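My numbering numbers the first residue of the sequence shown as -10 and each following residue consecutively. Glycine residues also receive a C-beta, built at the ideal position from the N, C-alpha and C atoms. Please read these numbers as outputs of a predicted model, since none were measured by experiment. Contents: one structure, followed by commentary.
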Amino acid sequence: MKRIIKQSTIAICAIFLLVAFTKPRETTSVKCMIQMVNYTGEGAYIVVSLINPEGAYEETLYVQGKDKEWYSDITEWWKFYGKRRPDIDAISGATISGGERKINVLKIPSDKIDAGYSIRFETAVEDQEYYVDDVQFELTSESVKSKVEGKGFIRYIRMIPQ
């Protein structure tokens, strides 16, 4: 019995030490302004994702649109998100309508900058088009302080380091 208690105590201490001294992931905070084109209809759902060098989804950075019922309309992202469905409440906000703009803060993993990763903005509007890469650009030290034109519902996005 003493042996089991001793082994359990050692295991608990080892786990505590691993957790206590694990370095938290370093992120870079970037203000992201999204300016929409003028269009009529419902507000746009926008998903901002981190894309790895192979072109696959790595992480969801932000979601504009809180009604989970419509997430499956953002089909490419849904293939990634829908399998696991992690909690995204902390990184989601209201939809953006035509002509409007919103500013959000994106927390980008610092080790992904200048490492071949990209940021993708996908947009979908009810009963209208879906743009899988309305805006997509390589994540570099320069691009996190730039303006990029959109191809669909997004007129442009502007990144501003904090």
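Next on the checklist: Along the chain, where does the beta strand (DSSP E) containing residue 17 start, and where does it finish?
Outcome noted: Here residue 17 refers to the residue found at position 28 when the sequence shown is read from its first residue. 16 to 25 is the extent of the beta strand (DSSP E) around residue 17.
Item to check | Distance, residue 67 Cα to residue 22 Cα | outcome: For the purposes of this step, residue 22 is taken as residue 33 along the sequence shown, with counting starting at 1. For the purposes of this step, residue 67 is taken as residue 78 along the sequence shown, with counting starting at 1. Taking the straight line joining both Cα atoms gives about 24 Å.
Next on the checklist: So, does the segment 128 to 145 touch the segment 48 to 57, judging by three or more C-beta pairs under 8 Å?
Outcome noted: no
Checklist entry - Considering only C-alpha positions, which residue in the set 42, 144, 150, 113 is nearest to residue 62? => result What you label residue 62 is simply residue 73 of the sequence shown in a count that begins at 1. The option with the nearest alpha carbon to residue 62 is 113.
Checklist entry - For residue 85, which of 143, 135, 148, 126 has the nearest alpha-carbon? => result Locating residue 85 in the sequence shown gives position 96, counting from the first residue. Out of 143, 135, 148, 126, 143 has the C-alpha closest to the C-alpha of residue 85.
Next on the checklist: Does residue 69 come out as helix, strand or coil in the three-state DSSP assignment?
Outcome noted: Within the sequence shown, the letter at position 80 stands for residue 69. It is helical.
Next on the checklist: In the DSSP assignment, the beta strand (DSSP E) including residue 150 goes from what residue to what residue?
Outcome noted: Stepping through the sequence shown from its first residue, residue 150 is reached at position 161. Counting along the chain, the beta strand (DSSP E) containing residue 150 begins and ends at 143 to 150.
Item to check | Bridge-paired residues (DSSP) for residue 107 | outcome: In the sequence shown, residue 107 corresponds to position 118, counting from 1. Paired residues: 40, 127.
Checklist entry - What's the C-alpha gap between residue 105 and residue 42? => result As a position in the sequence shown, residue 105 is number 116, starting the count at 1. As a position in the sequence shown, residue 42 is number 53, starting the count at 1. One C-alpha to the other measures close to 5 Å.
Checklist entry - Is residue 121 closer than 7 Å to residue 131 when the C-beta atoms are compared? => result Translated into positions along the sequence shown, residue 131 becomes position 142. Translated into positions along the sequence shown, residue 121 becomes position 132. Cβ distance not < 7 Å, so residue 131 and residue 121 don't count as in contact.
Checklist entry - What does residue 28 pair with, by DSSP beta-bridge criteria? => result The residue given as residue 28 occupies position 39 in the sequence shown. Its beta-bridge partners do not exist; DSSP assigns none.
Checklist entry - Does the distance from the C-beta atom of residue 29 to that of residue 99 stay below 7 Å? => result On the sequence shown, position 40 is the one that residue 29 refers to. On the sequence shown, position 110 is the one that residue 99 refers to. Their beta carbons are not under 7 Å apart, which means residue 29 does not touch residue 99 by this criterion.
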